[in-house]
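K.L.:
4 protein chains.
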Amino acid sequence: MDVVEVVPTFEQYAYTFGGVAPLRRVRPGTALRVWSEDAFNGTLRSTEDLSGAKVDLRFINPQTGPFLVEGAEPGDALALHFVAMEPARDWGASAAIPFFGGLTSTDRVATLQDPLPDTTWIYELDRAANTVTFAAQRTDLQIALPVEPMLGTVGVAPPGGEVRSSLVPERFGGNMDTPQMRPGATCFLPVFVPGALFSVGDGHYRQGEGEACGTAVEGAMTTTLLVDLVKGGAPGWPRLEDDTHWMTVGSSRPLEDAWRIGQVELVRWFGELYGLHPMDAYQLLSQISEVPIANVVDVNYSAVVKARKSLLPPASAYGGLHDELRRRAASLR
Amino acid sequence: MDVVEVVPTFEQYAYTFGGVAPLRRVRPGTALRVWSEDAFNGTLRSTEDLSGAKVDLRFINPQTGPFLVEGAEPGDALALHFVAMEPARDWGASAAIPFFGGLTSTDRVATLQDPLPDTTWIYELDRAANTVTFAAQRTDLQIALPVEPMLGTVGVAPPGGEVRSSLVPERFGGNMDTPQMRPGATCFLPVFVPGALFSVGDGHYRQGEGEACGTAVEGAMTTTLLVDLVKGGAPGWPRLEDDTHWMTVGSSRPLEDAWRIGQVELVRWFGELYGLHPMDAYQLLSQISEVPIANVVDVNYSAVVKARKSLLPPASAYGGLHDELRRRAASLR
Amino acid sequence: MDVVEVVPTFEQYAYTFGGVAPLRRVRPGTALRVWSEDAFNGTLRSTEDLSGAKVDLRFINPQTGPFLVEGAEPGDALALHFVAMEPARDWGASAAIPFFGGLTSTDRVATLQDPLPDTTWIYELDRAANTVTFAAQRTDLQIALPVEPMLGTVGVAPPGGEVRSSLVPERFGGNMDTPQMRPGATCFLPVFVPGALFSVGDGHYRQGEGEACGTAVEGAMTTTLLVDLVKGGAPGWPRLEDDTHWMTVGSSRPLEDAWRIGQVELVRWFGELYGLHPMDAYQLLSQISEVPIANVVDVNYSAVVKARKSLLPPASAYGGLHDELRRRAASLR
Amino acid sequence: MDVVEVVPTFEQYAYTFGGVAPLRRVRPGTALRVWSEDAFNGTLRSTEDLSGAKVDLRFINPQTGPFLVEGAEPGDALALHFVAMEPARDWGASAAIPFFGGLTSTDRVATLQDPLPDTTWIYELDRAANTVTFAAQRTDLQIALPVEPMLGTVGVAPPGGEVRSSLVPERFGGNMDTPQMRPGATCFLPVFVPGALFSVGDGHYRQGEGEACGTAVEGAMTTTLLVDLVKGGAPGWPRLEDDTHWMTVGSSRPLEDAWRIGQVELVRWFGELYGLHPMDAYQLLSQISEVPIANVVDVNYSAVVKARKSLLPPASAYGGLHDELRRRAASLR
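Chains as they are written, first to last, in the numbering used here: chain A, 1 to 333; chain B, 1 to 333; chain C, 1 to 333; chain D, 1 to 333.
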């Protein structure tokens with residue numbers, strides 16, 4: 001299988017879902033190898049580079065795309081299988097941006113307090129050890145942490161003619177910021193416009209659940225993914241499948257509503273997978289769900305609801321597409 | 001080490017934190033083996049037993065205790081190390097109680113809709129396989145699930161002269177409903193009144209994160225625990241330590257505030273453990289936190305914030321008390 | 001009608017709903033004239049008195065009571081009609097207490113930011129003009145504002161054996177902090193324990209809706225009220241009636257749930273008053289409700305839902321008790 | 001002064017803020033008389049017309065506009081003064097739309113419950129009496145209610161290239177659904193794109209605060225308004241001024257954040273109007289704010305924060321523009 005390489009120029013980045021002309025057309029079945037810039041658009045390169053001075057708010061969270069998927073129509077499910085994510089630089093950056101993040105007041109959780117100090121951390125990447133190093137700013141502590149690459153942002157054009165900032169997680173995917181969006185996972189997104197118009201970005205060399213300070217170890221990323229389509233298979237909200245789990249992602253505020261959305265979507269999926277009545281799926285999931293918070297910092301908060309396959313009878317979703325994509329991915333490498 | 005056995009009579013159960021005379025006095029260092037009744041007070045024994053007819057709201061979530069810990073004073077930390085939890089019956093029960101749970105309107109999330117159908121599920125325990133079996137009510141699906149015992153409710157008497165229902169999770173612990181409260185874990189609670197007056201209950205043979213329908217596989221439990229005290233060590237909110245993780249539990253509404261509380265408490269703990277400035281701890285935890293939701297169904301919702309010890313330099317809390325309790329626990333068995 | 005005068009000593013104040021022995025027994029029909037201390041317990045007497053130094057957290061929001069109402073039983077409605085509220089001092093105090101209030105992070109909305117500056121404002125009372133004067137601290141602006149006395153806190157002992165801080169608004173009333181709790185209003189509270197055990201306090205010489213900074217113009221108050229009882233008439237949540245409006249008060253978090261509770265309770269009341277089906281009451285109230293937020297600062301937030309009587313056909317609640325109490329009140333003066 | 005009449009054809013309605021070509025260019029100072037269709041796009045004309053069958057989700061909440069205001073640039077304030085709102089039909093409609101509204105689960109407050117019954121109410125308009133009549137569906141009660149016309153939706157194109165559904169209230173205004181948006185009021189909106197691109201719609205013949213069921217007495221409306229511009233005067237969030245009040249509107253979820261936003265914006269405005277330090281403005285507003293909830297049903301909830309001018313020293317905003325617009329409006333009639 002051929003792999004289509006995409007490395008956008010600065011002018012080609014997208015900053016919204018919807019409202020942008022396609023960067024490229026792809027057929028279902030295509031393998032892509034795409035370069036994505038980091039969420040700061042490469043502006044934070046040392047601890048002296050503070051977000052207030054360097055980050056241009058017009059150019060944050062640049063997305064690579066959108067890709068027009070031939071044949072994709074509203075009501076279909078877009079399937080994106082992530083084969084590999086490779087850090088494209090030798091360092092990642094994180095920042096406490098004033099009035100942004102989970103442990104500070106924000107433009108929404110509006111208070112009269114002063115902001116936290118604008119601070120940047122640089123994480124050096126050790127490719128041999130496959131680690132990035134946290135370096136405390138006020139003390140000498142340094143900690144090498146495993147690289148666990150993921151994409152913060154994966155989405156399609158929204159419904160109803162809306163155009164949303166790439167900072168938004170929603171029904172259409174977007175800035176969900178979950179560590180589950182990693183190599184080996186297949187993401188199923190509802191298609192709302194002809195061609196789906198998906199884009200990806202916001203590579204994280206690693207991220208904790210909740211993304212507490214609002215930014216992960218942000219880094220340029222080279223992502224290999226397979227694109228496919230399930231006619232008529234649109235889920236209500238983003239779904240993820242990997243070798244071990246069935247997963248859904250809900251995004252809203254307050255956080256309990258993000259959870260409710262994800263939990264109801266997994267109840268629905270269990271109806272499809274196991275023929276369970278909603279009350280029975282509700283009960284079963286009450287005893288087996290894993291619920292890692294994704295982010296508590298974005299325009300909507302995101303919660304992931306997971307069910308471990310090994311606890312459950314065999315089942316396959318979308319005609320076994322995830323397994324099929326795993327096979328195709330293996331043949332790529 | 002001797003183990004003190006406690007099996008309460010029906011009249012001896014406590015239904016509140018605070019407001020109850022001590023069941024027994026214990027010294028720091030004591031090992032207890034306590035029997036706890038299930039959250040339904042044993043009233044749901046078949047799928048014909050519906051909560052609306054059988055559960056007496058005066059007698060729900062019975063607690064075994066309170067135990068007066070000699071020498072415990074406000075400002076101390078009570079340490080409870082869970083050695084073992086053994087199902088005390090051969091079945092557990094779960095129920096969708098009308099207007100209670102996460103995917104229904106409630107007395108708080110008040111709507112005009114009809115309730116979901118009052119439904120009870122019984123989980124048969126297979127001691128040899130160490131499983132409980134989910135049996136769907138509307139279809140034939142049965143699934144054997146591993147027993148993973150935990151206590152939903154562990155708490156002390158609240159501050160300020162308050163008396164709270166055993167259904168409440170709060171700063172004083174209580175009905176946190178997290179699967180992390182399991183054998184091998186040490187729970188550190190702030191002491192608010194002389195003697196601490198802790199109690200335990202709400203055994204779950206297993207529970208998913210979020211406890212979606214509001215009830216786990218509820219079952220009578222025999223719990224072996226070690227009681228200890230850290231003079232002057234009161235945390236701001238409940239902390240947990242096991243062999244693999246540092247953990248905090250925040251409880252409030254909306255759910256993001258439960259998370260904020262837990263995340264700030266772990267920032268504080270990281271200041272103690274690693275000498276980190278709050279901004280550095282905030283940053284480090286942004287990249288390593290694990291955040292499993294505990295419950296989205298109780299009077300307050302609860303979120304757990306965890307950090308994996310293996311990612312971090314060696315550190316010890318409370319003079320290495322958890323490791324010491326592990327050693328003592330080993331000598332018990 | 002005789003009026004029973006009650007002026008507690010310092011030792012007699014109550015700081016909780018429930019958990020306190022009755023201060024006095026009263027019969028339904030009794031008129032009371034009670035003195036209440038301010039929420040700071042009189043500790044803030046000049047702008048030099050800062051809350052951090054002066055306010056003793058054990059003694060905040062002192063309540064006058066509890067009063068045991070003879071014959072009151074669970075399921076009854078306690079009716080308290082407020083005849084008059086007179087400022088009992090010549091000044092009131094307000095404060096921005098660190099980490100308390102609506103435009104700051106708090107122990108629940110937990111952030112890592114510094115607190116707002118601890119600040120006290122003193123409002124001089126001009127009895128002739130019936131004003132209190134706001135005096136800016138950083139500029140010279142002074143503004144005389146009309147005195148509009150109200151009680152922040154009116155409640156009964158909670159159900160389920162709970163004891164709650166006087167800072168809490170809940171189903172049992174408590175610290176609802178609504179300007180609607182003023183002379184001319186009748187408050188209907190559900191009775192949960194024999195004797196009801198109600199208390200009152202937290203006089204405000206005036207307060208804006210939301211009580212943004214967390215404290216009103218707090219002042220000692222002399223309140224004249226009539227006590228009555230409606231056998232079997234317990235509302236689901238606190239109700240208020242005055243000459244112009246039907247009102248309910250919901251208290252919870254997040255704020256939309258406080259509103260939901262109040263709105264559903266008014267739907268129920270409209271069923272009783274006008275025989276309306278819940279869907280019709282829901283519709284009618286959608287077009288006529290007035291919804292002033294009460295507080296966004298307490299342990300629970302409170303919202304008031306009101307319907308203007310002049311828009312509606314004549315109706316009477318609880319056998320016309322409010323009108324009857326108005327007549328009795330008139331005879332008192 | 002000439003009045004420009006605008007009556008759109010069906011094809012000319014806008015369903016988003018942003019993303020639509022201007023319907024017409026206007027100069028600051030222009031008087032407009034615009035016709036707006038009702039939020040159901042005229043599809044509900046009898047109680048037999050149920051929303052599930054009749055309402056086309058592609059065509060809800062049609063907006064009249066957008067109007068390109070000559071000279072308007074990002075950073076300016078658009079001033080819209082509402083001179084008159086006249087019901088353009090002899091009936092209004094309201095509906096309980098399944099899974100939409102405040103006392104039902106929704107796509108966000110997701111539960112497994114059945115929806116409330118899809119129900120439509122028709123309100124006949126009596127022009128002589130200036131009333132609309134509520135007619136209960138399950139009983140015979142009819143109540144004539146005063147017409148109090150308002151516009152639910154007034155907004156400009158959003159920042160950042162976003163395009164938002166006309167159902168959304170936000171920083172750019174939009175579907176705020178507050179009864180304060182009525183004749184006599186001036187609305188100040190931040191301009192985000194050249195020309196501002198404002199539109200108006202969603203006429204309500206009357207609406208309760210909170211818009212509990214999700215729809216008001218929806219009706220086609222003829223609105224006369226004056227358009228003006230304040231160079232460099234962009235507020236942070238929508239502001240309103242009428243003869244009696246200074247007002248701000250915050251929109252977010254949960255509802256307390258909508259309130260926080262509005263309260264902080266009014267603190268800022270009081271800094272401009274009275275030279276008050278934020279702490280003093282916070283204190284003053286704590287004692288005088290009126291806070292009517294606007295809606296608890298839209299994509300964001302909205303809260304209005306008001307301060308009564310008669311309590312305050314004289315002040316003028318934007319060079320006294322509101323008074324000037326009142327004078328111009330008087331000359332129109």
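The C-beta atom is built at its ideal place from N, Cα and C for all residues, glycine as well.
For a test of your reading of the model: does the CB of D:THR9 fall under 7 Å from any non-hydrogen atom of the ligand FMN? Yes or no.
P.N.:
This structure does not include the ligand FMN; it has no bound ligands of any sort.
K.L.:
Closest to B:GLU11 by C-alpha separation, out of B:ASP76, B:SER36, B:LEU103, B:GLU265, would be which residue?
P.N.:
Among B:ASP76, B:SER36, B:LEU103, B:GLU265, the Cα nearest to that of B:GLU11 is on B:SER36.
K.L.:
Mind checking which residues open and close the beta strand (DSSP E) that includes A:SER36?
P.N.:
That run of the beta strand (DSSP E) goes 31-36.
K.L.:
Identify the contact partners of C:GLU124 in chain D, using a Cβ-Cβ distance below 8 Å as the criterion.
P.N.:
The premise fails here: C:GLU124 is roughly 14 Å from chain D at the closest Cβ pair, so nothing lies under 8 Å.
K.L.:
From this set, C:ALA220, C:PRO179, C:ASP228, which residue's C-alpha is nearest C:GLU209's C-alpha?
P.N.:
For C:GLU209, the nearest C-alpha among the options comes from C:PRO179.
K.L.:
Counting along the chain, where does the alpha helix (DSSP H) carrying D:LYS54 start and finish?
P.N.:
D:LYS54 -> alpha helix (DSSP H) spans 51-54.
K.L.:
Could you please give the first and the last residue of the uninterrupted alpha helix (DSSP H) stretch that includes A:TRP259?
P.N.:
Note, A:TRP259: alpha helix (DSSP H), 255-274.
K.L.:
Does the beta carbon of B:VAL267 sit closer than 8 Å to a beta carbon anywhere in chain C?
P.N.:
For B:VAL267, the answer is yes, since a Cβ of chain C falls inside 8 Å of its Cβ.
K.L.:
List the endpoints of the continuous alpha helix (DSSP H) containing A:ALA281.
P.N.:
Unbroken alpha helix (DSSP H) run through A:ALA281: 278-288.
K.L.:
Got a sec: is the Cβ-Cβ distance from A:SER165 to anything in chain D below 8 Å?
P.N.:
For A:SER165, the answer is yes, since a Cβ of chain D falls inside 8 Å of its Cβ.
K.L.:
Roughly how many angstroms separate the alpha carbons of B:SER289 and A:LEU145, rounded to a whole number?
P.N.:
Roughly 12 Å between the two C-alpha positions.
K.L.:
If you draw a straight line from the alpha carbon of C:SER316 to that of C:ILE293, how long is it in whole angstroms?
P.N.:
Using only the alpha carbons, I get a separation of about 26 Å.
K.L.:
State the Cα-Cα distance for the pair D:PHE188 and D:LEU78, rounded to the nearest angstrom.
P.N.:
Between D:PHE188 and D:LEU78, the C-alpha separation is close to 6 Å.
K.L.:
Three Cβ pairs or more, each shorter than 8 Å: is that satisfied between the segment 101-117 of chain A and the segment 197-214 of chain A?
P.N.:
Contact between the segment 101-117 of chain A and the segment 197-214 of chain A is present, because at least three Cβ pairs lie under 8 Å.
K.L.:
For B:GLY232, does the count of other Cβ atoms within 10 angstroms reach 16, so buried, or fall short, so exposed?
P.N.:
Result: exposed.
K.L.:
At a Cβ threshold of 8 Å, is D:VAL34 touching chain A?
P.N.:
No, no contact with chain A.
K.L.:
Under 8 Å between beta-carbons, which chain B residues line up against C:LEU112? List them in chain order, please.
P.N.:
Correct list: VAL264, VAL267, PRO278, MET279, TYR282.
K.L.:
Can you list, in chain order, the residues of its chain with a C-beta nearer than 6 Å to that of C:GLU5? Leave out the 5 residues immediately preceding and following it.
P.N.:
Once the five neighbours on either side are set aside, the close Cβ partners of C:GLU5 are ARG33.
K.L.:
Mark C:GLN207 as exposed unless 16 or more other C-beta atoms lie within 10 angstroms of its C-beta, in which case mark it buried.
P.N.:
The residue in question, C:GLN207, is buried, as its Cβ has 16 or more Cβ neighbours within 10 Å.
K.L.:
Going by DSSP, what residue range makes up the alpha helix (DSSP H) through A:LEU325?
P.N.:
Run containing A:LEU325: 321-332, per the alpha helix (DSSP H) assignment.
K.L.:
Hey, A:PRO254 and D:ARG253 are a contact pair by Cβ (cut 8 Å); roughly how many whole angstroms apart?
P.N.:
A:PRO254 to D:ARG253, Cβ: 6 Å. Contact.
K.L.:
Tell me, which residues are paired with D:MET176 by DSSP?
P.N.:
Beta-bridge pairing links D:MET176 to no other residue.
K.L.:
Report yes or no: do the segment 15-24 of chain C and the segment 151-170 of chain C share at least 3 C-beta pairs separated by less than 8 Å?
P.N.:
These segments touch.
K.L.:
Contact criterion: CB-CB distance below 8 Å. Does A:LEU116 meet it with respect to chain C?
P.N.:
Cβ-Cβ to chain C under 8 Å: yes for A:LEU116.
K.L.:
Under 7 Å between beta-carbons, which chain A residues line up against B:SER289? List them in chain order, please.
P.N.:
Under the 7 Å cutoff, chain A gives GLY208, GLU209, GLY210, ALA212.
K.L.:
When you compare each of D:PRO194, D:GLY201, D:GLU272 to D:MET176 by their alpha carbons, which one comes out closest?
P.N.:
Per the Cα distances, D:GLY201.
K.L.:
How would you call B:LEU225, buried or exposed, if buried means at least 16 neighbouring beta carbons within 10 angstroms?
P.N.:
B:LEU225 comes out buried.
K.L.:
Under 8 Å, Cβ to Cβ, is there at least one residue of chain C near B:VAL55?
P.N.:
Not one chain C Cβ lies under 8 Å of B:VAL55.
K.L.:
Assign D:LEU311 to one of three DSSP states: helix, strand, or coil.
P.N.:
It is helical.
K.L.:
So if I threshold CB-CB distances at 9 Å, which residues from the segment 226-251 of chain C count as touching chain B?
P.N.:
Hits within the stretch, in order: GLY236, GLY250.
K.L.:
Which full runs of the beta strand (DSSP E) of 3+ residues lie inside the segment 90-159 of chain D, going along the chain?
P.N.:
The segment 90-159 of chain D contains these whole beta strand (DSSP E) runs: 91-96, 119-126, 131-135, 142-146, 150-155.
K.L.:
Is D:PHE40 closer than 8 Å to D:ALA93 when the C-beta atoms are compared?
P.N.:
Yes, these two residues count as a Cβ contact at 8 Å.
K.L.:
Counting beta carbon pairs with one atom in the segment 258-275 of chain D and one in the segment 230-250 of chain D, are three or more of them shorter than 8 Å?
P.N.:
These segments touch.
K.L.:
Using alpha carbons as the reference points, say which of C:LEU240, C:GLY320, C:ILE261 lies closest to D:GLY102.
P.N.:
Nearest option by C-alpha distance: C:ILE261.
K.L.:
Taking 8 Å as the CB-CB limit, is D:SER199 close to chain B?
P.N.:
No - not a single Cβ of chain B is within 8 Å of the one on D:SER199.
K.L.:
What is the rounded straight-line gap between the Cα of A:GLY320 and the Cα of A:GLU70?
P.N.:
Cα to Cα, A:GLY320 sits roughly 21 Å from A:GLU70.
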